[in-house]
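In the numbering used here, the protein residues as written are 57 to 325.
For glycine and all other residues, C-beta sits at the position ideal for the given N, C-alpha and C.
Comments concern the structure below.
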């Protein structure tokens, strides 16, 4: 059990659910600063996770409509002719439950930032059976420095994430090296001396990691889907950039429903 506490009041979701606000203790904040990431076990309890699980299923079932949530697909590594949902982004504006979840997470992120946090982007990575992994990278490499100089991600584990189904892999302390370069994954030379370790999580666990922390994941070659929700925040003093970020991203890497026939779109980082 964690030694830190949970707030006694929470936020009410769209179905009347109440999510407690995780509160970090000094030791956890210190570990985050040292390692660049922090694992918080049972940040949400089983009852709360039943609601979050239901919300994720609702989002998955929502029709793909231009101008609403963004759905990206990928070919299965197990059945190449089968298209899978890889991830869904831009959820909170169209789903009250995830709007509440992203709001609840601001408290702990604000503790790590040292000031109020503002939502920058969010998504669910589905990683269905046959879903691909992610090469080692820093999230800041995706051009985020055009909006603010520093971000913190929060992972909320919806399904058990294991080495077999492609859990997060992290490396400690390398965030202190700052941004390697934009728009390219990490190279073998960059990763000299880095030790990526599996970060398995159970439903309700949280992982905080900053935008310079190198991380990766393997494909999911099991027969079960592994869903993880990610919300990303920056300091409120750096501005609210969520709307501009999605406008900019739409120009170069729109959701599948908005893509032009014959045009090639490439996911770089």
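Candidates the options, of which the one nearest residue i by Cα
i, options, result
"residue 206", "216, 235, 152, 193", "235"
"residue 257", "211, 294, 127, 249", "211"
"residue 293", "173, 143, 152, 155", "173"
"residue 140", "128, 117, 147", "128"
"residue 124", "164, 80, 314, 97", "314"
"residue 191", "247, 169, 158", "247"
"residue 121", "147, 308, 79", "147"
Terminal residues of the beta strand (DSSP E) in which residue i lies
i, result
"residue 197", "No beta strand (DSSP E) holds residue 197; DSSP gives it neither H nor E."
"residue 210", "207 to 213"
Backbone CA spacing between residue i and residue j [nearest angstrom]
i, j, result
"residue 77", "residue 94", "16 Å"
"residue 291", "residue 166", "8 Å"
"residue 131", "residue 324", "17 Å"
"residue 60", "residue 74", "Residue placement at residue 60 is poorly supported in this model, since its pLDDT is 43, which falls under 50; the coordinates still yield a value, given next. Those two C-alpha atoms are separated by around 19 Å."
"residue 145", "residue 295", "21 Å"
"residue 107", "residue 161", "15 Å"
"residue 259", "residue 85", "22 Å"
"residue 304", "residue 298", "10 Å"
"residue 63", "residue 255", "Low confidence applies to residue 63: its pLDDT is 41, below 50, so where it sits in the model is not reliable, and the reading given next is rough at best. Answer to the nearest angstrom: the Cα atoms are 26 Å apart."
"residue 179", "residue 143", "7 Å"
"residue 217", "residue 187", "13 Å"
C-beta contact flag for residue i and residue j at 8 Å
i, j, result
"residue 197", "residue 92", "no"
"residue 214", "residue 109", "yes"
"residue 88", "residue 264", "yes"
"residue 111", "residue 153", "yes"
"residue 99", "residue 284", "no"
"residue 275", "residue 189", "yes"
Nearest-angstrom Cβ-Cβ length linking residue i and residue j, presumed shorter than 8 Å
i, j, result
"residue 286", "residue 181", "7 Å"
"residue 270", "residue 242", "6 Å"
"residue 176", "residue 278", "With 8 Å as the limit, residue 176 and residue 278 do not qualify as a contact, their Cβ atoms being about 31 Å apart."
Residue i at chain C interface by Cβ criterion, 8 Å
i, result
"residue 157", "Of the protein chains in the structure, only one exists, and it is not chain C."
Enclosing alpha helix (DSSP H) for residue i [first to last residue]
i, result
"residue 169", "162 to 169"
Contact test: residue i Cβ vs the ligand SAM heavy atom, cutoff 7 Å
i, result
"residue 104", "No copy of the ligand SAM occurs in the structure displayed, which carries no ligand at all."
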